[in-house]
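Each protein sequence line maps, in turn, to chains F and C. Reminder that position 9 of the first sequence reads as 9 in our numbering, one-by-one numbering, no gaps. Reminder that position 90 of the second sequence reads as 90 in our numbering, one-by-one numbering, no gaps. Think of the CB as a built atom: it goes at the ideal place given N, C-alpha and C, for glycine as much as any other residue. Take a look at the structure set out below.
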Amino acid sequence: MRNIPINQISPQGLKVWRLYGLMHSAIVWLLAIGGGVLNWWLEGPWWVLMICVVLPVLYTYLFVILFPKLQWLRWRYEVREQEIELQYGLFVVKRTLVPMVRVQHVDTAQGPILRKYDLASITISTAATTHTIPALITSEADELRSRISTLARVAEDDV
Amino acid sequence: MSNERHKLHPISALLNFIKGLKDLIFPFVIIFVANGFQGGSTEDSHWTAYIPYIIGPLVLILVLFSGFIKWKRFVYWFEDDELRIEYGLFVKKKRYIPIERIQSLNYTEGILHRPFKLVKVTIETAGSGSTKEAEAELTAITKEAAKWIETTLAQAKKRKLSKISDSDLVGEVDIVEKETTVTSTPIFKMSMKDLIMLATTSGGIGVIFSGLAVFFSQFSEFIPYERIYDEVVVFMKFGVFIVAISVFMVLLVAWFGSVVLTTLNYYQFTIVQEDDQIVLTRGLLEKKKVTIPLSRVQGIRIVESPLRQLFGYCAVIIESAGGSVGDKDQKIRLFPLVKRNKIKQPLQKLFAQLELEPDWISSPKKAKPFYYRLDFLWMMPVVIAISIFFYPFGLLSLLILPIIFLLGLWQHRSAAFAQTNNQLSLRFRGFSKSTFFIERKRMQSLIMKQTPFQKRKALASIETTIKSGVTGVTAKVDHMKIEDIEEVMTWYKPSGQ
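Structure representation (structure tokens):
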């Protein structure tokens with residue numbers, strides 16, 4: 001068994017994912033409350049009310065606590081001289097290998113939430129695919145971006 | 001090089017007009033159909049009722065005029081090693097394409113082109129990034145003009161390559177001389193028998209049907225359902241037999257249509273190799289000639305649909321890079337239909353490196369259940385629901401289960417990959433069997449996927465993506481032994497560690 005890539009993404013990334021989770025949980029909560037009120041108003045059956053409570057609680061647990069944690073634990077990346085290797089996935093574990101020669105360009109991106117936590121994501125594009133490393137400390141991301149682009153320029157084609 | 005500006009043949013005006021009409025047909029039909037259903041009584045002829053009849057001819061004249069203008073203002077010429085095109089009346093557009101960026105010229109001869117010995121030329125570039133922009137189309141020029149463009153391009157490219165400094169006129173002439181002697185080797189010609197086979201087994205049926213479905217879904221708003229419903233009830237009284245017959249007739253007509261279309265499109269299909277290009281010609285009414293530089297070929301794919309597999313036939317498709325968005329010619333059918341056992345020789349001639357019969361590593365026995373288990377799981381509730389709600393006849397849906405089971409076994413038998421020196425071959429089946437042959441340097445990335453269930457059995461899936469057109473195409477083989485996949489991963493790693 002080959003050893004897995006060594007670098008983990010920033011622990012701050014976990015916080016950001018939790019925040020994202022909270023955001024859509026809020027929407028689910030709103031819908032559930034709306035449903036609950038409607039149910040109470042129309043004097044619907046009691047089990048509908050139960051669903052309106054259990055569903056958002058479960059959703060919040062999964063998307064704020066459990067899934068981000070699992071995902072964060074899984075995420076690994078490593079940029080070597082001749083290739084980039086990624087490992088990610090919640091249930092389905094994906095292991096991606098991108099040779100440096102195939103890299104066409106590298107981007108970093110930073111939304112408002114990521115900026116608040118001083119994070120950025122890196123997107124690596126080949127001629128046909130794109131691969132994203134989601135949450136790295138901004139300075140680290142910038143450094144990695146320039147490193148990849150230098151390595152990509154140096155890499156020799158193995159024709 | 002002469003900087004003389006060239007115009008297209010006047011017939012372009014007519015072609016532009018026809019093309020404009022084609023784009024308009026749909027909105028027109030909708031307008032008229034909507035109009036026909038909304039009013040009903042034409043007795044109280046308010047003037048607004050005539051608006052469509054006024055707008056119609058007006059639009060027609062406009063389209064005719066714009067087609068004419070498009071031709072009138074369109075010029076092309078060579079200057080500074082660029083192909084320059086200018087067109088447009090109010091918004092004047094100029095497009096300059098550097099000659100070295102031009103990848104290939106494709107020719108199409110429609111029915112209107114042929115009496116005048118004309119040809120439509122599509123200029124293809126490497127198409128990096130902003131795609132649609134760097135393409136050009138010369139709607140109709142004479143064959144001599146097309147030949148002239150071709151030689152000018154070749155000449156300019158050659159000059160750029162050899163970098164002959166200063167105007168060494170004698171050398172230039174020499175180069176032109178060399179360029180005209182292109183070695184062309186015929187690779188493949190589809191026989192009449194194969195053409196008929198292709199036409200009769202063509203999947204074009206599906207295309208026509210989906211076309212019909214789209215057509216009707218577009219019109220569903222305008223169809224007076226109540227009236228139709230009444231008529232259908234009357235119709236039903238004639239009995240199921242008539243319904244069945246009419247369904248069959250529709251199927252038959254659709255099938256016949258696809259046979260005719262395929263025959264017209266693939267008539268006299270030939271592949272010729274000219275230097276480092278593949279030249280493909282086909283078509284009866286509309287003759288097409290497509291050139292593909294061999295260096296643009298990213299991978300080769302053999303597709304065997306169950307029906308064709310039964311007769312020992314397959315299709316060979318090449319995935320090539322570049323082109324523009326929405327260009328269907330990027331998935332080029334190299335051999336639309338050939339006997340499976342006859343592809344080796346012509347393919348080897350084109351691609352000497354290609355390993356067509358590698359040592360396949362198949363999906364292991366323990367992976368068998370993975371191919372039908374999940375499908376069972378989500379089909380079960382459906383089958384149960386159908387069986388309950390349509391009780392006696394609904395039970396027929398149980399037949400789906402053995403079908404899924406058998407298809408799963410079949411998919412399992414097809415799943416395999418092989419890794420040779422510089423090539424990865426992947427074989428898998430959805431319904432049709434696909435076999436990909438990809439050179440290592442064409443693989444953009446390699447991904448290994450593993451679900452927790454696969455992990456328990458030490459299995460995993462593998463997928464790789466190659467460039468095709470402007471995006472990519474992915475080949476994936478499911479449920480293989482993890483050690484075998486690890487080996488491929490190590491093989492793919494440039495560092496090889």
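Can you tell me where the alpha helix (DSSP H) with F:Asn-39 in it begins and where it stops?
11-41 is the extent of the alpha helix (DSSP H) around F:Asn-39.
Could you list which residues in chain C have their beta carbon closer than 8 Å to that of F:Ala-127, in chain order?
Ala-321, Gln-444, Lys-467, Gly-472
Closest to C:Phe-116 by CA distance: which of C:Glu-135, C:Tyr-266, C:Ala-140, C:Ser-104 is it?
Closest by alpha carbon: C:Ala-140.
Is there contact here, the stretch 82-89 of chain C with the stretch 97-113 of chain C, by at least three beta-carbon pairs under 8 Å?
yes
Touching or not, the stretch 117-137 of chain F and the stretch 438-448 of chain C, by the rule of three or more beta carbon pairs under 8 Å?
yes
Look at the alpha carbon of C:Ser-305 and the alpha carbon of F:Pro-56, and state the distance between them as a whole number of angstroms.
47 Å
Residues of chain F with CB under 7 Å from C:Thr-451, in chain order?
Phe-91, Val-92
Closest Cβ-Cβ distance between F:Gln-71 and chain C: below 8 Å?
no
Counting only beta-carbon atoms, is C:Tyr-266 nearer than 8 Å to chain F?
no
Does the beta carbon of F:His-131 come closer than 8 Å to any beta carbon on chain C?
Flagged as an interface residue toward chain C: F:His-131, by a C-beta distance shorter than 8 Å.
Going straight from the alpha carbon of C:Leu-15 to that of C:Lys-22, what length do you get?
About 10 Å.
Buried or exposed: C:Lys-120, going by 16 or more other Cβ atoms within 10 Å of its Cβ?
buried
Can you find a C-beta in chain F that's less than 8 Å from the C-beta of C:Tyr-492?
yes
Verify whether the separation of the beta carbon atoms of C:Ile-278 and C:Val-316 is less than 8 Å.
no
Taking C-alpha atoms, which residue in C:Ala-146, C:Thr-201, C:Phe-436 lies nearest to C:Gly-312?
C:Thr-201
What residue range is occupied by the uninterrupted alpha helix (DSSP H) comprising C:Gln-444?
Unbroken run through C:Gln-444 is the beta strand (DSSP E), 443-450; no alpha helix (DSSP H).
Could you have a look at F:Leu-144 and say whether DSSP puts it in helix, strand or coil?
F:Leu-144: helix per DSSP, three-state reduction.
Under 8 Å, with one C-beta from each stretch per pair, do the stretch 82-100 of chain F and the stretch 447-456 of chain C reach the 3-pair mark?
yes
Listed from N- to C-terminal order along the chain, which residues in the stretch 54-81 of chain F have their beta-carbon within a distance smaller than 8 Å of any beta-carbon of chain C?
Arg-80, Glu-81
Can you tell me where the alpha helix (DSSP H) with C:Glu-4 in it begins and where it stops?
Counting along the chain, C:Glu-4 falls outside any alpha helix (DSSP H), and DSSP gives it neither H nor E.
From which residue to which residue does the alpha helix (DSSP H) around F:Lys-69 run?
67-74
Are C:Leu-424 and C:Phe-431 touching if we call contact CB-CB under 8 Å?
Cβ distance not < 8 Å, so C:Leu-424 and C:Phe-431 don't count as in contact.
Starting from F:Val-101, find everything on chain C with Cβ-Cβ shorter than 9 Å and list it in chain order.
Lys-441, Pro-494
Determine the chain F residues that contact C:Ile-447 at a beta-carbon separation under 8 Å, and present them in chain order.
Think of a sphere of 8 Å around the beta carbon of C:Ile-447: the chain F residues whose beta carbon falls inside it are Lys-94, Arg-95, Thr-96, Leu-97, in chain order.
When the Cα of C:Phe-68 is compared with those of C:Glu-286, C:His-9, C:Lys-288, C:Leu-347, which residue comes out closest?
C:His-9
In whole angstroms, give me the CA-to-CA distance for C:Trp-410 and F:Arg-80.
Roughly 40 Å between the two C-alpha positions.
For C:Glu-137, count the other beta carbons within 10 Å of its own beta carbon; 16 or more makes it buried, fewer makes it exposed. Which is it?
Exposed.
My parser needs the alpha helix (DSSP H) runs of 4 or more residues fully inside the stretch 54-135 of chain F; what are they?
67-74, 112-116
Just to confirm, is the Cβ distance from C:Leu-337 to C:Leu-347 under 8 Å?
no
Where does C:Glu-439 fall in DSSP's three states?
strand
Please tell me whether C:Met-529 has its Cβ less than 8 Å away from any Cβ of chain F.
One cannot answer for residue 529 of chain C here, as it falls past the ends of chain C, which runs 1 to 497.
Can you tell which of F:Arg-102, F:Ala-120, F:Gln-12 has its C-alpha closest to the C-alpha of F:Asp-142?
F:Ala-120
Return the CA-CA distance between C:Lys-93 and C:Ile-302, expressed in angstroms with no decimal places.
42 Å
Is C:Gly-257 helix, strand or coil when you go by DSSP?
helix
Is there contact between the stretch 68-84 of chain F and the stretch 462-481 of chain C, where contact requires at least three CB pairs shorter than 8 Å?
no
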